[in-house]
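Notes to accompany the following structure.
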Amino acid sequence: MKKSQDFWSSFVKTTDDEQKIKKPIYVLAPLAGVSDSAFRQICKEFGADIVYSEMASTTALVYSPQKTLEMLKFNTKERPYIVQLFGSNPEHFAKAAKLVEKEIKPDGLDINFGCPVPKVAKQKAGAELFKDLELSRAVLKSVIANTTLPVSIKTRTKAGSVNILQFLDYMSDLDIKAIMIHGRSLKQGFSGPVDYKIIKEARKHFKGIILANGRVIDKKIAQELLDKTGADGVGIGRGALGRPWIFRNVKCQITNDECQEKIFEVALRHAELAYKLKGEVGIREMRKHLCWYVAGLPGAKEMRRELVGVESLDNIKKIFVKYKD
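Numbering-wise, our numbering comes out as the position in the sequence shown, counting from 1, plus 272.
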């Protein structure tokens, strides 16, 4: 299958002077139930270079695709936009890859080998799939053979007895363009120290783009991750919750957080976009985002108590007016 243009090459110099997008690369990492189109667009406004979709089930795309395809829709403002797939059946991955490329037309496909969530693990997907090198290879080969889009992967440093270096060696002949490595093992989950050393070691085992991921909440930690791993860029996930301007801050080396007025302004714009895209469902889904936005502000506890029950844009506006200053 003839491959389409690989957008990942935009981050690699072809001559001493030519490089379309400069490194380091700052990426909105995939976040299940969070990184929908409204949130991705807000993060792009603040400078995210690449955004990933929420995880999409390959099984759902095979047997009941409509709801998942609806979830994966995006605005052209979001490009480069990558759709992330999860599952464990190579045949499902093949069909899902073809379907997503045809119906959604993203810039790339990503395979999740890192999710630790139990309901994903039950399907032998995510980090559980990572443990099985033979099946992981079959999944990767299946996707690569059935799409013209560039294929990337997201992993952890270790799951079970398999570490990222062993994983990369086992897949070394496959056409994987990029990898995002969450710097913690499956056992660690989302807490504990990030393993800078093994991410740096990955460079000896992988020639494509390497993105480091894990506990990036400000410019200092982002720079530390880049310095200690030698990665080409950083994936920011939870650090962007309620703080989408983190992408601007890490790029421009800004330390200060936004003022209350600006936070309310961004949160409301986000809510308006969510309502435009999803109607009342979008407002209900915004409740968690609104609570993240106001965290740390004076009266945050009282605000959260009211924000978790909002039903309309007008509700949100009234609460923000009430607590302004």
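All C-beta atoms, glycine included, are put in the ideal place defined by N, C-alpha and C.
Taking the Cα positions, glutamate 350 is about 27 angstroms away from alanine 397.
Note on geometry: alpha-carbon atoms of lysine 394 and glycine 432 lie some 15 angstroms from one another.
Between serine 307 and the set Lys413, Met575, Pro516, Ile591, the nearest pair of CA atoms involves Pro516.
In the three-state scheme derived from DSSP, where H, G and I count as helix and E and B as strand, lysine 403 is classed as coil. Relative to the Cα of phenylalanine 365, the nearest Cα in the group Lys413, Tyr298, Leu513 belongs to Lys413. Taking the CA atoms as reference points, valine 392 sits about 8 angstroms from glycine 359. For the 8 angstroms CB-CB criterion, methionine 452 and glycine 507 form a contact. Per DSSP, lysine 316 is one residue of the alpha helix (DSSP H) stretching across 309-317. Counting only runs of at least 3 residues, the stretch 310-377 fully encloses the following beta strand (DSSP E) elements, listed from N- to C-terminal order: 322-329, 353-358.
The distance from the Cβ of leucine 357 to that of glycine 509 is about 17 angstroms, inconsistent with a contact at the 8 angstroms cut-off. Inclusion of aspartate 382 and isoleucine 416 in the CB contact set at 8 angstroms is not warranted, their separation being larger than that value. Cβ-Cβ separation between glutamate 375 and leucine 341: approximately 6 angstroms, consistent with a contact (criterion under 8 angstroms).
Around the beta carbon of tyrosine 335, fewer than 16 other beta carbons sit within 10 angstroms, so the residue counts as exposed. If you draw a straight line from the Cα of glutamate 400 to the Cα of lysine 589, it comes to about 44 angstroms. With 16 or more other CB atoms across the displayed protein chains lying within 10 angstroms of its CB, valine 434 is buried. Inter-segment contact for the stretch 519-533 and the stretch 472-487 is absent: fewer than three beta-carbon pairs are separated by less than 8 angstroms. Judged by DSSP in its simplified three-state form, aspartate 382 adopts strand. Here methionine 443 carries a coil assignment [DSSP, helix/strand/coil].
Following the DSSP letters along the chain, one finds arginine 576 inside the alpha helix (DSSP H) bounded by residues 572-579.
For lysine 430, the pairing in a beta bridge is given by DSSP as Asn435.
Sequence-distant partners of isoleucine 489 (beyond 5 residues in either direction) whose C-beta falls short of 7 angstroms from its own C-beta, in its chain, are Gly511. Under the DSSP assignment, isoleucine 489 falls outside any beta strand (DSSP E); it carries neither an H nor an E label.
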